[in-house]
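*Asks:*
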Amino acid sequence: MAESSLIEFPCDFPLKIIGYQRAGYAQSILDVVKRHAPDYGGAEMEMRPSSKGKYLSLTCTVRAISQVQLDALYQDLCDHPMVVKVL
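If you're matching positions, the sequence shown starts at 2 in the working numbering and goes up one per residue.
Listed below in structure tokens is the structure:
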């Protein structure tokens with residue numbers, strides 16, 4: 002039985018990744034995103050520090066081609082040691 006999705010693919014799908022502001026955090030997240038969405042350039046990554054500077058929010062809008070791709074990307078991001086939350 003095929004899984005149904007409310008999302009029509011392909012589509013542009015934004016992911017917000019919140020993690021601790023540390024050296025190498027943005028590059029490390031970019032590496033994970035590119036592993037699942039090789040066409041993602043990175044230049045369009047939005048970065049926003051928290052008001053006290055402890056966290057850094059990254060927004061990556063990827064061209065998603067399937068629910069399987071999004072699920073795998075989401076899981077890899079959630080498993081990353083620098084990531085606090087993925088929305």
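Ideal placement from N, C-alpha and C gives every residue a C-beta, glycine not left out. Given the structure is predicted, the values throughout are model-derived calculations rather than measurements.
1. Following the continuous alpha helix (DSSP H) through residue 71, name the residue where it begins and the one where it ends.
2. Expressed to the nearest angstrom, what Euclidean distance is found between the alpha-carbon atoms of residue 84 and residue 18?
3. Given this structure, state the Cα-to-Cα distance separating residue 7 from residue 35, to the nearest angstrom.
4. In the DSSP output, what is residue 65 paired with across the bridge?
5. Do the segment 60 to 72 and the segment 27 to 45 meet, that is, are 3 or more Cβ pairs less than 8 angstroms apart?
6. Beta-carbon within less than 6 angstroms of residue 47's beta-carbon, same chain only, minus the 5 sequence neighbours each way: which residues are those?
7. Using the three-state DSSP reduction, which class does residue 41 fall into: helix, strand or coil?
8. When the distance is taken between beta carbons, is residue 66 closer than 7 angstroms to residue 11?
*Replies:* The relevant details are as follows:
1. 68 to 80
2. 7 angstroms
3. 24 angstroms
4. 12
5. yes
6. 60
7. coil
8. yes
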